[in-house]
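Single-structure report; data block below.
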Amino acid sequence: MARILFLAHRIPYPPNKGDKIRSWHFLEYLMERHEIHLGFFIDDPADLEHVDFLQKRSASLHFSFASPLKQKLFSLKGFLTGTSLTENAYPSSGMRSFVANLIDTNQVDAVFLYSAATYRFLPKNMKGVPIITDFVDVDSAKWEAYAANNSWPMSLIFRREGAKLAAFEAHVADRSLASVLVSKDEAALMRNRLSNRQQNAGKILGITNGVNAKAFSPEKYSTTSTKGRLIFTGAMDYAPNIEAVVWFVENVFHRVKLEHPHVELVIAGKPVAPDVQRLDAHDGVNVIGAVDDMAETIAGASIVIAPLLTARGIQNKVLEGMAMAKPVIATRAANEGINAPDRAAIWIANDPDGFAEAVAALLEPTAAKQLGVAARNFVMDNFSWSKSCRAIEALLIDASDHATQPRQGGRIDL
Numbered sequence: 008m009a010r011i012l013f014l015a016h017r018i019p020y021p022p023n024k025g026d027k028i029r030s031w032h033f034l035e036y037l038m039e040r041h042e043i044h045l046g047f048f049i050d051d052p053a054d055l056e057h058v059d060f061l062q063k064r065s066a067s068l069h070f071s072f073a074s075p076l077k078q079k080l081f082s083l084k085g086f087l088t089g090t091s092l093t094e095n096a097y098p099s100s101g102m103r104s105f106v107a108n109l110i111d112t113n114q115v116d117a118v119f120l121y122s123a124a125t126y127r128f129l130p131k132n133m134k135g136v137p138i139i140t141d142f143v144d145v146d147s148a149k150w151e152a153y154a155a156n157n158s159w160p161m162s163l164i165f166r167r168e169g170a171k172l173a174a175f176e177a178h179v180a181d182r183s184l185a186s187v188l189v190s191k192d193e194a195a196l197m198r199n200r201l202s203n204r205q206q207n208a209g210k211i212l213g214i215t216n217g218v219n220a221k222a223f224s225p226e227k228y229s230t231t232s233t234k235g236r237l238i239f240t241g242a243m244d245y246a247p248n249i250e251a252v253v254w255f256v257e258n259v260f261h262r263v264k265l266e267h268p269h270v271e272l273v274i275a276g277k278p279v280a281p282d283v284q285r286l287d288a289h290d291g292v293n294v295i296g297a298v299d300d301m302a303e304t305i306a307g308a309s310i311v312i313a314p315l316l317t318a319r320g321i322q323n324k325v326l327e328g329m330a331m332a333k334p335v336i337a338t339r340a341a342n343e344g345i346n347a348p349d350r351a352a353i354w355i356a357n358d359p360d361g362f363a364e365a366v367a368a369l370l371e372p373t374a375a376k377q378l379g380v381a382a383r384n385f386v387m388d389n390f391s392w393s394k395s396c397r398a399i400e401a402l403l404i405d406a407s408d409h410a411t412q413p414r415q416g417g418r419i420d421l
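Everything in the sequence shown is counted per the working numbering, starting at 8 for the first residue and increasing by one.
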């Protein structure tokens, strides 16, 4: 049994957002098999009720509250220090003390960082304790995409963040025994962005997300799908999700409605940003926000859409829609990392005409069923949480076995 310090930028429970789904599956698996010291931040007061649940399963636990506004204010320090906004977004004093005490008193064999932002809480002297970092996505590339898709002055800010964050990611990867990304595509991108020396400093590998096959199972629900009901799911305060649904409603939905007046669009997920809430005024658009059971909500739809223009890593919304045996229409960006074959397990569309054509074709029940069944089979064959969790555990056990052996990164530069 290894003694593992698990640091996350957001409370890993409940698994109701993309990043929390991944962190919770890894954490739950490790908690069942190892001694876990847990540190995280809470950005929603409602999540305070889950601290006790995690405390009972941890050897020790520390959390700090950091509202979205507080994170934005803290991040501004990056402009003063010449560093990225991301690495400055969380209050550090309490978390630093918690981590330093564990390292100083030799209570951990390995550190698992969930997101590069948590690297800032490590002490300079790690006493040979190895670091495994799950970057999840190459976030700097996302900021670069934001810069390309926005006008000045935001493009300037986003471009700066992309450059500064890329340097920080390289720094963290250089000091990690292994760097984990959510897909082979993201791992290859990270590897290509590092220097030749850094590429050989530690392992850089893709460990994919899985899907909860029992929770997202079409056989579990007797709900009959409503013909012509499209659904988009996700955290509706997340910029790429906002961009996606606004683009779809403004550029695609009205075209579909002209030919198929009965079609409706359901937007499910919280919290809901004002730009998304305003879409509810469009004929046929229903912004429902939070749902008790996302799988059941998906079961009631006939087509899942994922019109993301900006996307990194693996989209859980796509995996969940496919697992529910629903035909999924997605952009190429939304399919990146999943790599489902076009028209065989997913329908790829990248422009308004392509999306409108796909919706019209999949309103035909036989075509929709065929694609949906193929989609579930593809996901079941290729995305397993148990396989991914075992891979993470293997990295940490290997790291723990070498914990007493000093290596580059034993002392880190903050």
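Beta carbons: idealized from backbone N, C-alpha and C, even for Gly.
(1) Fully enclosed by the segment 346-393, which alpha helix (DSSP H) runs are 4 residues long or longer?
(2) Based on Cα-Cα distance, which residue from SER147, ASP244, ARG319 and GLY217 lies nearest to GLN284?
(3) Would you list the residues sitting across from ASP141 in a DSSP beta bridge?
(4) State the CB to CB distance for the pair ILE249 and ASP282, rounded to an integer number of angstroms; the pair is presumed to be in contact (CB under 8 angstroms).
(5) Tell me whether PHE362 is buried or exposed, calling it buried when 16 or more other Cβ atoms sit within 10 Å of its Cβ.
(6) Quick one: Cα of ALA406 to Cα of PHE165, how far?
(7) Pick from GLY169, ALA180 and ALA155: whose alpha carbon is nearest that of TYR126?
(8) Contact defined as beta carbons within less than 8 angstroms: I believe LYS27 pairs with ARG40. What is the distance between those atoms, to the nearest angstrom?
(9) With DSSP as the reference, label ASN248 as helix, strand or coil.
(10) Using 8 angstroms as the cut-off, can you tell me whether the segment 133-150 makes contact with the segment 165-177, which would need three or more C-beta pairs spanning the two stretches below that distance?
(11) In whole angstroms, what separates the C-alpha of GLU343 from that of ILE238?
(12) When the Cβ atoms of the segment 371-381 are set against those of the segment 110-117, are three or more pairs found closer than 8 angstroms?
(13) Among residues of its own chain, excluding the 5 on either side of VAL58, which ones have a beta-carbon nearer than 7 angstroms to its beta-carbon?
(14) Rounded to the nearest angstrom, what separates TRP31 and PHE47 at their Cα positions?
(15) Quick one: using the 10 Å Cβ neighbour count with 16 as the cut-off for buried, is PHE72 buried or exposed?
(16) Tell me whether THR93 sits in a helix, a strand or coil according to DSSP, three-state version.
(17) Across the segment 355-375 and the segment 383-395, are there enough close Cβ pairs to call them in contact, namely three or more that are closer than 8 angstroms?
(18) With DSSP as the reference, label ALA330 as helix, strand or coil.
(19) To the nearest angstrom, report how far apart PRO22 and ILE295 are at their CA atoms.
(20) If contact is defined by three or more beta carbon pairs under 8 angstroms, each pair taking one atom from either stretch, is the segment 388-399 in contact with the segment 98-109?
(21) Just curious, the alpha helix (DSSP H) that ASN342 is in, first and last residue?
(22) Looking only at its chain, what residues have a beta carbon closer than 6 angstroms to the beta carbon of GLN78, apart from the 5 residues adjacent to it on each side?
(23) With DSSP as the reference, please indicate the residues paired to VAL46 in a beta bridge.
(24) So SER91 and THR215 are in contact, right, with Cβ under 8 angstroms, and what is the actual spacing, rounded?
According to the data block:
(1) 359-369 and 372-389
(2) ASP244
(3) TYR121 and VAL187
(4) 5 angstroms
(5) buried
(6) 35 angstroms
(7) ALA180
(8) About 20 angstroms; that fails the 8 angstroms criterion.
(9) helix
(10) yes
(11) 20 angstroms
(12) no
(13) PHE70
(14) 12 angstroms
(15) exposed
(16) helix
(17) no
(18) helix
(19) 19 angstroms
(20) no
(21) 339-342
(22) ALA96
(23) A small fix is needed here, since residue 46 is Gly in this sequence, not Val. LEU14 and HIS69.
(24) Not really, about 26 angstroms apart at Cβ, beyond 8 angstroms.
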